[in-house]
Every structure is written in structure tokens, then in C-alpha cells.
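Reading through the C-alpha cells given below for one structure.
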Amino acid sequence: MTQAADLILTNGRVYTPDSRGEHPDDPLAESPEAVAVRDGEIIRIGPSNEVTFLEGVETTVVDLDGRVLLPGFVDAHTHLDVLGQQQEEADLSGCNSPEACLDRLDDRRAETEEWVIGFGYDESRWGGSYLTRDQLDGVSGDRPVVAFREDLHVASVNSVVLDRHADAMPPADVETVDGERTGVLVEEALTVLRDRLRPEPDRMREYLLAAQEYAHSHGVTAVHDMVRHSHAPRVYRELDSAGELTLRVRLNYWADHLDAVVETGLQTNHGSDRVEMGAIKTYADGSIGGRTARLSEPYVDGEGQGEWVTPPEGLADLAGEVDSAGLQFAAHAIGDEAIETVLKSLEPTDGERHRIEHVEVLTDSLIDRLAKSEHVVSAQPNFLKWAREDGLYDQRLGDRRRRQTNQFGRLADRGVRLALGSDCMPLDPLFGIEQTVTAPEPTQRLDVSQAIDAYTMGGAYAGFAEDRLGSIERGKRGDFVALDDSPWETAAIGELGVDLTVVDGGIVFDSR
Numbered sequence: 016m017t018q019a020a021d022l023i024l025t026n027g028r029v030y031t032p033d034s035r036g037e038h039p040d041d042p043l044a045e046s047p048e049a050v051a052v053r054d055g056e057i058i059r060i061g062p063s064n065e066v067t068f069l070e071g072v073e074t075t076v077v078d079l080d081g082r083v084l085l086p087g088f089v090d091a092h093t094h095l096d097v098l099g100q101q102q103e104e105a106d107l108s109g110c111n112s113p114e115a116c117l118d119r120l121d122d123r124r125a126e127t128e129e130w131v132i133g134f135g136y137d138e139s140r141w142g143g144s145y146l147t148r149d150q151l152d153g154v155s156g157d158r159p160v161v162a163f164r165e166d167l168h169v170a171s172v173n174s175v176v177l178d179r180h181a182d183a184m185p186p187a188d189v190e191t192v193d194g195e196r197t198g199v200l201v202e203e204a205l206t207v208l209r210d211r212l213r214p215e216p217d218r219m220r221e222y223l224l225a226a227q228e229y230a231h232s233h234g235v236t237a238v239h240d241m242v243r244h245s246h247a248p249r250v251y252r253e254l255d256s257a258g259e260l261t262l263r264v265r266l267n268y269w270a271d272h273l274d275a276v277v278e279t280g281l282q283t284n285h286g287s288d289r290v291e292m293g294a295i296k297t298y299a300d301g302s303i304g305g306r307t308a309r310l311s312e313p314y315v316d317g318e319g320q321g322e323w324v325t326p327p328e329g330l331a332d333l334a335g336e337v338d339s340a341g342l343q344f345a346a347h348a349i350g351d352e353a354i355e356t357v358l359k360s361l362e363p364t365d366g367e368r369h370r371i372e373h374v375e376v377l378t379d380s381l382i383d384r385l386a387k388s389e390h391v392v393s394a395q396p397n398f399l400k401w402a403r404e405d406g407l408y409d410q411r412l413g414d415r416r417r418r419q420t421n422q423f424g425r426l427a428d429r430g431v432r433l434a435l436g437s438d439c440m441p442l443d444p445l446f447g448i449e450q451t452v453t454a455p456e457p458t459q460r461l462d463v464s465q466a467i468d469a470y471t472m473g474g475a476y477a478g479f480a481e482d483r484l485g486s487i488e489r490g491k492r493g494d495f496v497a498l499d500d501s502p503w504e505t506a507a508i509g510e511l512g513v514d515l516t517v518v519d520g521g522i523v524f525d526s527r
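Everything in the sequence shown is counted per the numbering used here, starting at 16 for the first residue and increasing by one.
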């Protein structure tokens, strides 16, 4: 007697590798209608009448009513603790003026008796000036106020923060004008803030649960989370043990955790079905928004070529040490000189699937080298929002280099392994997919299927999980997202609704 399914999704339009292969321009033209899951595993895909016979007394049956069923999104680069804080603290994303940011910080000041913290401001929305100490002094003159820029490489603080903490910060990373501190901090100066603001485990639990709920509401079923000097790994494992972790979390530890990782015997890919060890991550450079990404030519709107967060010789030593330990290596590299240096650092290594994060400013020679390597490019299509004409990248890089950023189309055409993620700017795969499908330059564009595959199978591959995640196939885990309409039939992909998210055959979000 055939054993009943735990979950049946029926009357949908199911995107599978076979349906794409048969109808590349419209993979839903003759796609399967239904999927059945038992013990978290996909056991049948096909027409509804060939799947519903697996219904039993305790089977959950969901009528998709024509919705589009995709694999659950795998976000290959996140900071869920920050995302959770953004849900709890002042959310500055979307603010179109300094005044709007200050209003939200004022609201937050009224709600707390502690530090006043905001996340996610983007000065390019109002003409390119960072928030300053003078503006934040207006929020509070006796309590610390911090506003983090969206990329987390820049923060603006008030006089209270500077008076208490500036002496512990590298002077070069504390901006001054005519000898006066402006309140703008970059790179390593932010480490002092992060150390001071590190949430205790109970608070971290609140943040991560809020972030998990947000991720599921956007169709995300797995994340590769970047963690540093944080209680997040401990809290993730506690949530997993308590049965409260519904996201699949791959932990990429900062390089200053390497000795502890080696000493405790952690290995890449070890862990549970919900929490596993990923890579050792480092920064080569900073960000374009902060003018700290390391370029081969100077910025057009400021002095210098950016910064080395980890100098070239340090990158080479670290890559060798990580590779020798049998661990996956991941390096943040945005500017073309940083990307070049990371590729050079990885040349002596022989490990599998080392990652380069962001890979924004590209040249022909860098694309050639990436195509000849086996490295994964972990990239953020969201960043194309800054690559439009007269956008932030025009201001920082000029027209020629703006056009050379985020060349996903060229990378895909050359066979480079792309794993797409959000960097939580914002965490929204549909927004990112729309950005690359509608990108201003042909070299930056992916078609809808390529973008979805890079946001599902690409992330699974980067996490050594392509045999169980990333596509809707028999034998893989039952991770799905149901959309209210087809991304192949609209240019406004970011406006599609996420109606259902499923992890391991369990419904974790339902907005129907």
C-alpha cells in the first residue's frame, strides 16, 4: 500500500528543471501542476490527478489556484542579526531626505531609554550627503545616536558617541573637516560601535526570530549568514534544538574566528539540517558608497582609490591558511583591484568552491580569470539600483565604470557560478531578480530563468547542497515559494506577492 504524503500542493504552475529545458522562453507553458512531500522530501511531481491519490487522513492539501511554485529562495549573503535589529530599531530604509531619517530616529528615541539606533539610510536618495553629528545632535544631546548606512561600511553618530568612543577608533576612519569631526565613520571605526552594541543572547533571539519571519515572508527558505563576534551562532543552535528554527542557516565566520574554528574541529558543511558551518570570510576592501572599495583608478568624486581592509599580503596568507585547514574561503571584494588581489591570493589554493563576495567593478581580464577559475561569485543584484544613469555609481565611478559594474550577464555567458543574495539591502529576492532582468546594460542582465536559478540553485551550489536544495525535483527537500503570478509575464517582478513559503514540507508563511 502506498504511504500517504504529508503535504500536497495542487493546481499550480510548477517550475522545474525539465519544464525550463522543454520551454526555455516560457517554462510554465506545460509545467507540472502538483507536488507531494513526505518526511520533508519531494516524492512526486506531476499533474494534479497523478499526485492527489497520495492524500491521506492527515495530509495537508493546499490548492494553489494557479499560483506559480518555485524552489525556495537561497539568499547567499545575509546579516540576519542586522535585519532583525532593523525590524526592532529605527528603520531608515526608504527615507528620501535627512529629515525623514531624523524623524524616525526621534520616534525611536521616544520608545527607548538606551542608545538611539537606526539602520539602512542611503544618502544617494537625497543627493549624496551623509548624515552628520550636527543633525544627530538634534535627536539627542545626552544619549548616543547612531545611524548606519545601508551597506554597513559607513555610520553617522552624534557628539555623545564621539566624545565617549572616538579615541578608541582609527583616526583615518573618523572623518574630519578643518580638524573637526563630522560624525561620519567608516570601516574599522565601526568595530568599536559593534562591540559596544553587541546584543546579549536573549535580545539576539528576538532579532533572529524577527528576521526569520521577515525572510519567510519574502520566500526565503535558506540563508548564508555572515557572523562576527556575535551570539548568533549560539542562538541559532538553541533555536534549532528547540524546534523553532525554520530557516536553513549556513554560518560564514569572520576570519578572526579561524583559530577557534580549527581548535574546535568545525569543518565546512558539518552541522544539522538547519545550522551548518560554511566558510571563513574576510574583507579585502570596503564599499563604493563609502568610497572605500579598492579601485585601480581614483574615485571621480573624491580623493584616492579606496582602502585595503585586509592588505594583499594578509589576504594571501589567510587564503592559504583557510585552504590548508580544509575550509571554504570567502572574500569580500568590490573594487577591481580588490577582486584582482583576491584572485591572485586564491591561485595557490586547491580547495573547492571558494567564494568571492560582491565582485562589482569588473574588467575584461577579470571576467576572463573568473571564467577560468572554479570559484563562486556570490553577488547582489540589488546593487544595480545604484547603477542607473545619474545614480550613486555614476557619482562615485563615472559613466564608464558604472557600466562595468555587476556584469551578471557576461559572467553567466562565460559559465561562472553565480550565487545571488541580498546583503539585506533589502532582503527581497524578487526585488533583486527584477533589478538584473531590467538592468540598464545588456552585460548586467540575466533572463528570468537565469536569475531565479542563481537565486536558488546558485546558492545551493555555493553551500555544497545542490543535491538536496535549489530546485523542485524528486528526492530533494520540500522547500518552496508560491507567487501570486508569473515572473515570466511581468516586468514588475518586485511587485509580485509571496503567498506561501514552505520548508521541509511545513508551511512557514501563508498570506492567502
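Glycine included, C-beta positions come from ideal geometry on N, C-alpha and C. Quick caveat: nothing in here was measured; it's all calculated off a predicted structure.
- Counting along the chain, no beta strand (DSSP E) covers residue 384; the unbroken alpha helix (DSSP H) around it starts and ends at 379-387.
- A straight-line Cα-Cα distance of about 49 Å links residue 53 and residue 139.
- Separation of residue 23 and residue 293 (C-alpha to C-alpha, rounded to the nearest whole angstrom) is 32 Å.
- A distance below 8 Å between beta-carbons, with the five flanking residues on each side excluded, links residue 154 to the following residues of its chain, in chain order: 117, 120, 121, 124, 131, 160 and 173.
- The C-beta distance from residue 515 to residue 235 rounds to 13 Å, too long to fall under 8 Å, and the pair is not in contact.
- Looking at the backbone, the Cα of residue 386 and that of residue 333 are separated by about 23 Å.
- Selection 352, 440 and 238 evaluated against residue 260 yields 238 as nearest (Cα-Cα).
- In the DSSP assignment, residue 359 falls within the alpha helix (DSSP H) that extends over 351-361.
- From the listed residues 338, 377, 398 and 379, the smallest Cα separation to residue 370 is found for 338.
- Annotation: the continuous beta strand (DSSP E) that includes residue 136 extends over 131-136.
- For residue 28, the closest alpha carbon among the candidates 495, 389, 289 and 367 is that of 495.
- Rounded to whole angstroms, the Cβ separation of residue 241 and residue 38 is 37 Å, and the two are not in contact under 8 Å.
- Taking a contact to require three or more Cβ pairs closer than 8 Å, the segment 439-459 and the segment 246-264 do not qualify as touching.
- Distance from the CA atom of residue 376 to the CA atom of residue 458, rounded to whole angstroms, is 13 Å.
- Cβ-Cβ distances below 6 Å link residue 445 to 508, 509 and 511 in the same chain, with the five nearest sequence neighbours on each side left out; the list follows chain order.
- In this structure, DSSP gives residue 368 a state outside helix and strand, which the three-state scheme calls coil.
- The straight-line gap separating the alpha-carbon atoms of residue 296 and residue 344 is approximately 6 Å.
- Leaving aside the five residues that flank residue 361 on each side, the residues in its chain whose CB is nearer than 6 Å to its CB run, in chain order, 334 and 369.
- Contact check for residue 262 against residue 230 passes: the beta carbons are separated by less than 8 Å.
- Beta-bridge analysis with DSSP links residue 306 to no other residue.
- The DSSP-derived three-state label of residue 289 is coil.
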